[in-house]
Structures are given as C-alpha cells and as structure tokens.
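All remarks here apply to the structure that follows.
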Amino acid sequence: MFDQNYKFTCVDRFLEYVKYDTRSDEEAASFPSSEKQKVLSKLLVDELNQLGLADAHMDEWGYVMATLPSNTNKNVVPIGFIAHVDTSPAVSGENVKTMIHKNYRGGDIKLPKDNQLIKAKENPDLKNMKGYDIITSDGSTLLGADNKSGVAEIVDVVNYFLTHPEVKHGDIKICFTPDEEVGRGTEKFDVKKFGAKYAYTVDGQSRGEVETETFSADAVTIKFHGKNIHPGYAKGIMINSVKMAASFIESLPKKTLSPETTEKREGYVHPVSINGNEELTTVKFIIRDFQAPKLKKYESMLKKLAQTIVKKFPGSKMEFIVTEQYRNMREVLKKHPQVEKNAIEAMKRLNIKPIMQPIRGGTDGARLSFMGLPTPNIFAGEHSFHSKTEWVSIQDMEMAVRVIIEIAKVWEERA
Ligand SMILES: [Zn+2]
Numbered sequence: 023m024f025d026q027n028y029k030f031t032c033v034d035r036f037l038e039y040v041k042y043d044t045r046s047d048e049e050a051a052s053f054p055s056s057e058k059q060k061v062l063s064k065l066l067v068d069e070l071n072q073l074g075l076a077d078a079h080m081d082e083w084g085y086v087m088a089t090l091p092s093n094t095n096k097n098v099v100p101i102g103f104i105a106h107v108d109t110s111p112a113v114s115g116e117n118v119k120t121m122i123h124k125n126y127r128g129g130d131i132k133l134p135k136d137n138q139l140i141k142a143k144e145n146p147d148l149k150n151m152k153g154y155d156i157i158t159s160d161g162s163t164l165l166g167a168d169n170k171s172g173v174a175e176i177v178d179v180v181n182y183f184l185t186h187p188e189v190k191h192g193d194i195k196i197c198f199t200p201d202e203e204v205g206r207g208t209e210k211f212d213v214k215k216f217g218a219k220y221a222y223t224v225d226g227q228s229r230g231e232v233e234t235e236t237f238s239a240d241a242v243t244i245k246f247h248g249k250n251i252h253p254g255y256a257k258g259i260m261i262n263s264v265k266m267a268a269s270f271i272e273s274l275p276k277k278t279l280s281p282e283t284t285e286k287r288e289g290y291v292h293p294v295s296i297n298g299n300e301e302l303t304t305v306k307f308i309i310r311d312f313q314a315p316k317l318k319k320y321e322s323m324l325k326k327l328a329q330t331i332v333k334k335f336p337g338s339k340m341e342f343i344v345t346e347q348y349r350n351m352r353e354v355l356k357k358h359p360q361v362e363k364n365a366i367e368a369m370k371r372l373n374i375k376p377i378m379q380p381i382r383g384g385t386d387g388a389r390l391s392f393m394g395l396p397t398p399n400i401f402a403g404e405h406s407f408h409s410k411t412e413w414v415s416i417q418d419m420e421m422a423v424r425v426i427i428e429i430a431k432v433w434e435e436r437a
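So for the sequence shown, my numbering puts the first residue at 23; every next one is plus one.
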C-alpha cells in the first residue's frame, strides 16, 4: 500500500537541480564533455549519502552510482534506475528561472519571455493535464526536465524506501550519467561495476510510456574522389567531385525514405552533411530502421547509386564506409520479457494505461542493452525537450515516483 500521507520531495529537488547549468558539449573531446555537469553530480552524491546510501560516489568520468540495499530475505535480482544529468547543448541552460502554473485550465500556456506560447495544439498531452500544476522556465532558457525530472524522481524513490522500511525490495542500483544529449552517455559506463541485472532509464515523456523499441542505426560515409587541376588548364582533365556529390544527392529517392516523408515504423536514409572541393567531397548519412536487415538494403541501394555516379565521371573513384551506431533494443529485450512485463504490471496497479510505441531514435538504454544490461525506458513526465517551451507537470513527476517504487515491489514479489 502506498503511504498516501507521503510528502513527495521530487519537485523541490527538481527546482534545485535545474539551477545548475549542465549542458553537455557536442564539440568537446574530453569526457565528460563539460566539467560543469560534475557540479550537479557531486551534489547528488552528497544527497544520496545524506539519505543513507553509504556507497554513493562519482567516478573519474562523472558517473554517479549508488546502491539502496535489499531489505528482503528473498533472492531478488538487482535492478537499476538511470537518468542523465546533462541538458541539451542546443538551448541555453544558464540561469534557469522556473515558474509553476498552478491548476492548469486548458489552452495555451504563456511564458513571459517574448510572449512565447506552449501551444495546446502542438502538445497533445496538455489535454490530460487539467487541474495539474505545470512547471516551465520563463521562456529564456530550456527547463531541464529532460532529464532532471528523472533524476529528482529517482532520488525521491530512495527517500521513500528509506523512510518506509516495511516496503520490501531487492538491491536497487542507481546511476546518474553525463553526456546523454551528445550521444556519449554510455561511453564510460561500467556495467559490471553498476551491478544491476536489468535497468530502466527514466527519461520518457507521457504518463504510461514503456519504451522497448528503438531504431537500429548505421552511419554511412561516401567519399567521392575527383581530380583537381588549375581551372585554366582543366579541359579534358578535371573531374569535379563537388559535381559528383551533387548528382549523387539528386539521384536519391525523393518521395520515400526521408525523415521528412516518413513516420511510425518507416525507416529512412538521411544525408546530414556534405563537405569538399574539386578533388574530394565527403557525404555523410545516417540510416535508420526498426529492422536491422533493412539497413543493409538501404546501404546497398546507396552504394549502387554512388557506383552509377562513378561511371558517369570516368576516372573518378569512391569509397563507401558503413559504421554501426546502435541497434533496436527489442532484439535484446525480447529475450528478457519480464523487464517489460514488470513495468507494465506496475503501471496497471496504479491504473495507468501503458503506452508502448517505438522510439524513432536511440536511447542510452538501447546501447546498454547491447552492453549486457537490458534497459527499456519509462516516462519521467518531461515534454517538449530541448526547447524553451519545455514543461513537466508536478502530478506526472509524483506518479513517476510511484511507478518506480511499484516496479521495485513487483520484482520483489515475483522473485
Ligand atoms: Zn533525455
């Protein structure tokens, strides 16, 4: 039974965490990509220590890890909860000024800075928020709900369990990671040291989300080699690789296979950059689909198109390089159905309708799943990420706390 008199701490914690500017940095080669992330991570270690997690610490890379020890005599597998401390480098996260819009009545939400609107039309979840209290920034920065709401919820769960020792659970492992937003959140993640058998990232949007499917992803680099010579003496000699790349791009399918023309379960082939000169032009692609074998199909299509271009420019050459990025975590999670089932069971017990849809992107959990730690993603309540109109409702945050507690309980009961 959940203690109905429990005073949630997640909102106060969240309002504190967003004061820390923790933007990661796309350009940096260091790890973590920005030192300032560690300032919040240190604070989190202190908080976990104060709550009573003796082993809470931050490693040299900025990962915070801690254990809430089991209080049951059953043999329960250790499960983990993970959130990231960094925010997107795309929008300022400096000097975040929060606002709480109490008792939302419907319609657009107005932010003072530049009269920006959080539009009901663009935020379908708002219609489920009537009567709720919604946290936003003042519109001059992002909010940081992605993913500090998840961090705050997990710390609140620790607080709940430690103040309610009668609620039984196995070992609960906690990790707060850096650099998720720049795609490097798992780079130095020590799965063995973490010690969980299964985990959940708490970084989803709508109440009820249990995400067990991501894209599979490759990157393709194509280098067109032409032949340069002074343009004044180029007749019959020059092979311009800029023109090769241009005709290659022009030969791509136009109505299908693009992010701007696809949705749901459709994959795509997406050129992301083109750089070069007469001698050498490099075109980079990202390739996405929910089924890994389809990536191979898209890649051989690209290769054929590129070979056709080489034929059109006699004397030219091309290189075709495929790099695997990540794979649909479904491939791993289907072998461990209890991870998803227990999350769904927890939601049902709280009268939440589980929402299961594939993510048209990747998650740290997808990478972790292939590193040996099966990790679906559950909701934290964050919305409109990476923007100045980011928002989260207090009631969703508190419900996420309850869901995490319930997941831990289900694992204990079913052990
Ligand atoms: Zn996130």
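Where a beta carbon is used, it is the ideal one built from N, C-alpha and C, also for glycine.
Scanning Asn-181, Thr-284, Leu-73 and Leu-274 for the CA closest to the CA of Ile-331 turns up Leu-274. Taken from the Cβ of Asp-225, at least one heavy atom of ligand 1 lies inside 6 Å. Less than 7 Å separates the beta-carbon of His-106 from that of Glu-202.
The beta-carbon distance between Val-242 and Glu-321, rounded to whole angstroms, is 6 Å. This is short enough to meet the 8 Å contact definition. Collapsing the DSSP output to three states places Phe-312 in coil. Lys-333 counts as exposed, since fewer than 16 other C-beta atoms from the protein chains shown sit within 10 angstroms of its C-beta.
As the crow flies, the alpha-carbon of Lys-356 is around 40 Å from that of Ile-131. Counting only unbroken stretches of 3 or more residues, the beta strand (DSSP E) elements lying wholly within the stretch 25-92 are 86-90, in sequence order. Under the three-state reduction of DSSP, Gln-138 is assigned to strand. When the beta-carbon positions are compared, Phe-307 and Pro-293 come within less than 7 Å of each other.
Taking Val-61 as the centre and dropping the five residues before and after it, the same chain places the C-beta of Tyr-42 and Thr-44 closer than 8 Å to its C-beta, in chain order.
Lys-245 sits close to Thr-304, with the two beta carbons spaced by under 7 Å. With respect to Met-421, Ser-391 sits apart: the two C-beta atoms are not nearer than 7 Å. With 16 or more other Cβ atoms from the protein chains shown falling within 10 Å of its own Cβ, Gly-161 counts as buried.
For Asn-169, the distance from the CB to the nearest heavy atom of ligand 1 is below 6 Å. When DSSP states are grouped into helix, strand and coil, Tyr-320 belongs to the helix group. By the Cβ rule, the stretch 215-235 counts as touching the stretch 95-111, because three or more pairs are nearer than 8 Å.
If you ignore the 5 residues before and after Arg-382, its C-beta comes within less than 7 Å of the C-beta of Phe-237, all in its own chain and listed in chain order. Going by DSSP, Lys-356 is part of no alpha helix (DSSP H) at all; its letter is neither H nor E.
Taking each of Glu-231, His-408, Lys-58 and Gln-360 in turn and checking the Cα distance to Ala-167, the smallest one comes out for His-408. For Pro-293, DSSP records a beta bridge to Phe-307.
For Tyr-255 and Gly-248, the gap between their C-alpha atoms comes out near 16 Å. Each of Lys-431, Met-419, Phe-211 and Arg-371 was checked against the Cα of Met-393, and the nearest Cα belongs to Phe-211. For Gln-347, there is no enclosing alpha helix (DSSP H); the enclosing beta strand (DSSP E) has its first and last residue at 339-348. Excluding its 5 nearest sequence neighbours in each direction, Gly-128 has C-beta neighbours in its own chain below 6 Å: Lys-152, listed in chain order.
Taking C-beta atoms as the reference points, Leu-317 and Asp-240 count as a pair closer than 7 Å. Of the candidates Ala-51, Thr-278, Lys-431 and Ala-267, the residue whose Cα lies closest to the Cα of Arg-371 is Lys-431. Scanning the stretch 227-278 for uninterrupted alpha helix (DSSP H) segments of 4 residues or longer gives 263-272, listed from N- to C-terminal end. Taken atom to atom, the span from the alpha-carbon of Asp-418 to that of Val-291 is near 36 Å. The C-alpha of Gly-403 is placed about 8 Å away from the C-alpha of Asp-225. With a 10 Å radius around the Cβ and a threshold of 16 neighbouring Cβ atoms, Ala-267 comes out buried.
With 16 or more neighbouring CB atoms inside 10 Å of its own CB, Gly-192 falls in the buried class. Counting along the chain, the unbroken beta strand (DSSP E) around Thr-158 starts and ends at 156-159. Counting every other CB atom within 10 Å of its CB across the protein chains shown gives Gln-227 a total of 16 or more, marking it as buried.
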